[in-house]
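One structure is given here, and the rest of the page talks about it.
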Amino acid sequence: MDEGTIDNDATTTEIYFISRVYNATGEERYKAAAMKGIDYLFEAQYDNGGWPQCYPRTGSYHVQIQYNDDSNINVLELMREIYTEGSIYSFLPDSYKQKARIAFNKGVECILKTQIQRDGKLTAWCAQYDPVTLEPAKARAYELVSLSGQESDNIVLFLMSLENPSQEIRNAIEGAVAWFEKSKIEGIKKEYFTNEEGKEIIGWFPVMTAPQLGTLL
55 MDEGTIDNDA TTTEIYFISR VYNATGEERY KAAAMKGIDY LFEAQYDNGG WPQCYPRTGS
115 YHVQIQYNDD SNINVLELMR EIYTEGSIYS FLPDSYKQKA RIAFNKGVEC ILKTQIQRDG
175 KLTAWCAQYD PVTLEPAKAR AYELVSLSGQ ESDNIVLFLM SLENPSQEIR NAIEGAVAWF
235 EKSKIEGIKK EYFTNEEGKE IIGWFPVMTA PQLGTLL
């Protein structure tokens, strides 16, 4: 496999780890490895601010801007840490901190551009986007174009963490929160089970109130 990935916490986790090892040991090979990983992320970023799932880009859904599994958010959090004074990345030269700030700002702009509107109202985000048109895109057969609550919640929390947010960012947050409120499903709970083969199964069940339970007894 020739390409790296940011999927499933990959690359960002390794950069964090080896940066801590460098701070603890002072060994230059760890510093060089961390910088090489960060260079990879700088290079992988699209001009529109998003990051693909894999780089170099090999086609299929791997080229899409990836919000699935919080991939882009993880990279943005790393970029913010890089230019933050006193972080574990303080050993990096100023040129890296400047590039990280630029990459961070572009990534935030990409998030704002990809928020889906319905009937003129801002809603949430899809799990992945076409890197050219910024239109929502499907990935694997079971990953269809949709408004994804699981990906959108951490996007909103990320936007809420920004200092001195612009009105555009505030509008994005408020639009998403309104969509969450409108779209929530009540009266159902999710539980996990393990079957006889040791496989985990997810079950959805109605939540019953005390009076409703009484009618079953």
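Each residue of the sequence shown is one higher than the last, beginning at 55 in our numbering. Glycine is no exception: its CB is placed at the ideal position from the N, C-alpha and C atoms. Quantities reported herein were computed from a predicted structural model and do not represent experimental measurements.
Of the candidates Glu250, Glu251, Glu245 and Trp179, the residue whose Cα lies closest to the Cα of Gly257 is Glu245. Within the stretch 144 to 182, the complete alpha helix (DSSP H) segments of 4 residues or longer fall at 148 to 168, listed in chain order. Excluding its 5 nearest sequence neighbours in each direction, Tyr115 has C-beta neighbours in its own chain below 6 angstroms: Ala193, listed in chain order. The three-state secondary structure of Lys236, taken from DSSP, is helix.
Put simply, the backbone Cα of Ser206 is about 6 angstroms away from that of Trp179. For Glu245, the enclosing beta strand (DSSP E) starts and ends at Ile242 to Thr248. Within the DSSP bridge table, the entry for Pro106 names Ile119 as partners. Taking the C-beta atoms as reference points, Arg134 is found no nearer than 9 angstroms to Glu57. In this chain, the alpha helix (DSSP H) harbouring Ile69 covers Thr66 to Thr79. Spanning the alpha carbons of Asp93 and Gln171 requires a straight line of approximately 34 angstroms.
Secondary structure note for Ile256: its beta strand (DSSP E) is the uninterrupted segment Glu254 to Pro260.
A distance of 9 angstroms or more separates the beta carbons of Tyr76 and Leu132. Inclusion of Phe259 and Lys243 in the CB contact set at 9 angstroms is warranted, their separation being smaller than that value. In this structure, Gly104 keeps its C-beta atom at 9 angstroms or more from the C-beta atom of Asn128.
In the DSSP assignment, Glu97 falls within the unbroken alpha helix (DSSP H) covering Glu82 to Ala98. By the neighbour-count criterion, in which 16 or more other beta carbons inside 10 Å mark a residue as buried, Ile255 falls on the exposed side. In the DSSP assignment, Asp207 falls within the alpha helix (DSSP H) that extends over Gly203 to Met214. Shown here, Gly140 sits in coil according to DSSP, grouped into three states, outside any helix or strand. Annotated three-state conformation of Gly58 is strand, per DSSP. In this structure, the straight-line span from the alpha carbon of Ile72 to that of Tyr84 is close to 6 angstroms. Around the Cβ of Thr168, a 10 Å sphere holds 16 or more other Cβ atoms; the residue is buried. Looking at the DSSP output, Pro190 sits in a beta bridge with Tyr183. In this structure, Tyr150 sits near Met89, with a CB-CB distance shorter than 9 angstroms.
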